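>
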Amino acid sequence: QAILGQDHAASAVVVVGSTMEIQVGDVDGLPAHTYISIRYGEQRRQAPFRTGEVLTFPPEDTEKPPKAYSVDVFRKVGSKQISLAGITALGGKVTSEDVVIPSLEIHGTPITASLAAKMVTQAPAESENSKRQQVARRAKQYMEKHGVQTVLHEMFAKLLEAQPGDPLSFMVDFLEQQREEAEMLEGVEARDFSSEPGLGASPFPGFADGNSSEDLPDLTRHHSLMVDALRASPDLYQRLRGDRTALGVSVAQCMKPGVDCPGHELVKVAGIYAGDEECYERFWPLYEPVVKALHSGWTSDAYHPKESSPAKISNSRIDPTGRYAVYACIEARRNFHGIRLPTCCAKEDRREVESLLNAALVSVKDSDKASLLRGTYLPLRLSQSHAPRMGGMSIHQEQRLRSAGMLFSDPDSRMRLSAGLGRDWPDARGVFIGEAEGLFLWCNEEDHLRFFARQHTIVDLKKLWTKMHQALGAVSDSAASKGMRFSFSERLGFITAFPLRFG
């Protein structure tokens, strides 16, 4: 898909009446089925992107020759503008070695190419100023000014790929979608999360919010596993109320979601989260009945298995025919020991988690796991915590990730807001998109890190878990080099904020 490059024109002196020849030199990082398109002045030439390819541009009927030429790569790979400054002084030839053409894909890699521009003097062509040519020139200028060519290129590429039975309806739908996206991109006002309850710096208004009493209200009409435990042991809250974990978390903070949200008798939820890993020990009398109800068959004297080697997984394929299984996804959650969980952590805690993740992504560049964790970390839009990308991802990236099911949004339920998962939104939250197909990671959503490994059609579960296992190991090794480790309990497994998720 041709994408027009940015204009970085530079001054140049060119002899009028000369033909421009641009030749492709060495090309590195070139994907298959790729084409090059070069625009020089009002002319555009395109050909297969391969070493030795020559594109020729006859002289134009203009007083001032172009000062630059634009290189466009099809399939939405990337785009770069090459300056022709000083071409006359250099003997009519400019060679651009190792030009890095930035990728336009979310987790794509740049292309490195060498290009040579050479001027070939010819006799001036006869001037043609017919009305038809003038109209055509103005039409072309109009289309380029408003980006019409880019939209048409993309539309026809998708049309030929999909080959729908009704091409006209397909094109109408495509253009409508383009218009909606353009309207969304224009005039989008930044949302002020700090003024919304539960999304600013303060806890969601209600029980244990720092302003209200921590005395338990009437829970007669409340329905949750936590409330069931309190009813079974009426003095339980009073016995635990004065305790604090080493990181300062109280049992009232953990109970807040189940107190603020009455729930429904037919849909009984846990009603309790954890503020740090010590909560599961210090407040265990309250968590124990909840854990037993959520994890069928679990007993207090059980120990969590530690075996996670992919070698123990069967080689059997899920639906080897590919006719029924659409995709499979493996998910793993991890939290760092010594840092409060997202339910109760401070802004500085989240930023430390984000920093640990990005340090892991940097540290594996020279290791054997580099290819697995090579990718891009994109902070949520409007986040100001990650120095290399202040302001977070663009609206375009946000839309693409959301449509692919790879993005999380601000909490919109009273339960999650009351749990504290939305405080200081969207600071220090983001998504890592790996170059390895189907691998991505969420930072500071419900837990510190949330890993995903996804595979479509023919699902190889062993291969999928191997990818997940290596990603977990790479981040764990990097954290260990900084004196950090993942929170783990011999009885419960890897600790999570929500008691249903650990294991």
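Taking my numbering, the leading residue of the sequence shown gets 378, the next gets one more, and so forth.
Yeah, the Cβ is synthetic: ideal placement off N, Cα and C, and Gly gets one too.
This structure is a prediction, so every number in the text was calculated from the model and none was measured.
1. DSSP on Ala-705, reduced to helix/strand/coil?
2. Verify whether the separation of the beta carbon atoms of Asp-399 and Leu-432 is less than 8 angstroms.
3. Less than 8 angstroms separating the beta-carbons of Ile-629 and Arg-618?
4. For Lys-508, which residues of its own chain have a beta-carbon under 7 angstroms away from its beta-carbon, when the five flanking residues on both sides are left out?
5. Closer than 7 angstroms to a non-hydrogen atom of the ligand FAD - does that hold for the CB of Ser-866?
6. Have a look at Thr-472 and Thr-465 and give me their C-alpha separation to the nearest angstrom.
7. For a quick check, are the C-beta atoms of Ala-606 and Leu-613 less than 8 angstroms apart?
8. Among Gln-420, Gly-815, Ser-414, which has the Cα closest to the Cα of Phe-426?
9. Label Gly-382 either buried or exposed according to how many other C-beta atoms from any shown protein chain fall within 10 Å of its C-beta, with 16 as the threshold for buried.
10. Who are Thr-472's beta bridge partners in DSSP?
11. Where do the ends of the alpha helix (DSSP H) carrying Gln-776 lie?
12. Taking contact to mean at least 3 C-beta pairs separated by less than 8 angstroms, is the region 749 to 758 in contact with the region 769 to 779?
13. By how many angstroms is the C-alpha of Glu-658 removed from the C-alpha of Leu-593?
14. Keeping to the same chain, check which residues put their C-beta closer than 8 angstroms to that of Asn-735; ignore five residues upstream and five downstream.
15. Bridge partners for Asp-405 per DSSP, in chain order?
16. Which residue spans inside the region 777 to 817 form an unbroken alpha helix (DSSP H) run of at least 4?
17. State the DSSP-derived secondary structure class of His-833, mapped to helix, strand or coil.
18. Just to confirm before moving on: does the CB-CB distance between Leu-750 and Ala-830 stay below 8 angstroms?
19. By Cβ distance, which residues of its chain are closer than 8 angstroms to Pro-544, with the 5 residues on each side in sequence left out?
20. Could you tell me if Thr-720 is buried or exposed, where buried requires 16 or more neighbouring beta carbons within 10 angstroms of its beta carbon?
21. Helix, strand or coil for Phe-434? Go by DSSP, reduced to three states.
22. Count Cβ pairs between the region 695 to 705 and the region 634 to 642 that sit closer than 8 angstroms; are there 3 or more?
23. What residues in its chain sit with their C-beta under 8 angstroms from that of Leu-869, if we drop five residues either side in the sequence?
24. Check the C-beta distance from Ser-395 over to Met-496 and give it rounded, since I have them as a contact under 8 angstroms.
25. What residue range does the beta strand (DSSP E) around Leu-755 cover?
26. Could you check which residue in Phe-451, Pro-788, Leu-849, Pro-803 has the C-alpha nearest to that of Phe-817?
27. Apart from the five residues just before and just after Arg-827, which ones in its own chain have a Cβ nearer than 6 angstroms to its Cβ?
28. Check whether the Cβ atoms of Ala-813 and Leu-718 sit closer than 8 angstroms, and answer yes or no.
29. In whole angstroms, give me the CA-to-CA distance for Ser-579 and Ile-649.
30. Let me know the secondary structure DSSP gives Phe-863 once reduced to three states.
31. If I'm right that Val-476 touches Thr-489 with Cβ under 8 angstroms, what's the distance once you round it to whole angstroms?
32. What number of angstroms, rounded off, separates the C-alpha of Phe-713 from the C-alpha of Cys-722?
33. In angstroms with no decimal places, state the Cα-to-Cα distance between Leu-663 and Lys-844.
34. Would you call Trp-661 buried or exposed, if buried means 16 or more other Cβ atoms sit within 10 Å of its Cβ?
On the basis of the coordinates in this document:
1. strand
2. Reading the sequence as shown, one finds Ile at residue 399 and not Asp. Yes, the Cβ-Cβ distance between Ile-399 and Leu-432 is below 8 angstroms.
3. Residue 629 is actually Ala in this sequence, not Ile. Cβ atoms of Ala-629 and Arg-618: closer than 8 angstroms.
4. Cβ neighbours of Lys-508 beyond the five flanking positions: none.
5. Judged by which ligands are present, the structure shown has none, so any question about the ligand FAD falls away.
6. Going from the Cα of Thr-472 to the Cα of Thr-465 covers about 13 angstroms.
7. yes
8. Ser-414
9. In this prediction, Gly-382 scores a pLDDT of 33, lower than 50, which makes its location untrustworthy; the coordinate-derived value is nonetheless stated afterwards. Buried: at least 16 other Cβ atoms inside 10 Å.
10. Ala-493
11. 772 to 780
12. yes
13. Here the C-alpha atom of Leu-593 lies approximately 22 angstroms from the C-alpha atom of Glu-658.
14. Tyr-754, His-763
15. Answer is Thr-489.
16. Secondary structure remark: continuous alpha helix (DSSP H) runs of at least 4 residues inside the region 777 to 817, in chain order: 791 to 796.
17. strand
18. no
19. Leu-536
20. buried
21. DSSP places Phe-434 in strand when its eight states are reduced to three.
22. As far as the Cβ criterion goes, the region 695 to 705 does not touch the region 634 to 642, which means the pair count is below three.
23. If you ignore the 5 residues before and after Leu-869, its C-beta comes within less than 8 angstroms of the C-beta of Tyr-657, Val-668, His-681, Phe-879, Gly-880, all in its own chain and listed in chain order.
24. 5 angstroms
25. 752 to 756
26. Leu-849
27. Arg-710, Trp-819
28. Ala-813 is not a Cβ neighbour of Leu-718, given a cutoff of 8 angstroms.
29. 19 angstroms
30. strand
31. 7 angstroms
32. 12 angstroms
33. CA-CA distance, Leu-663 to Lys-844, rounds to 37 angstroms.
34. Under this definition Trp-661 is an exposed residue.
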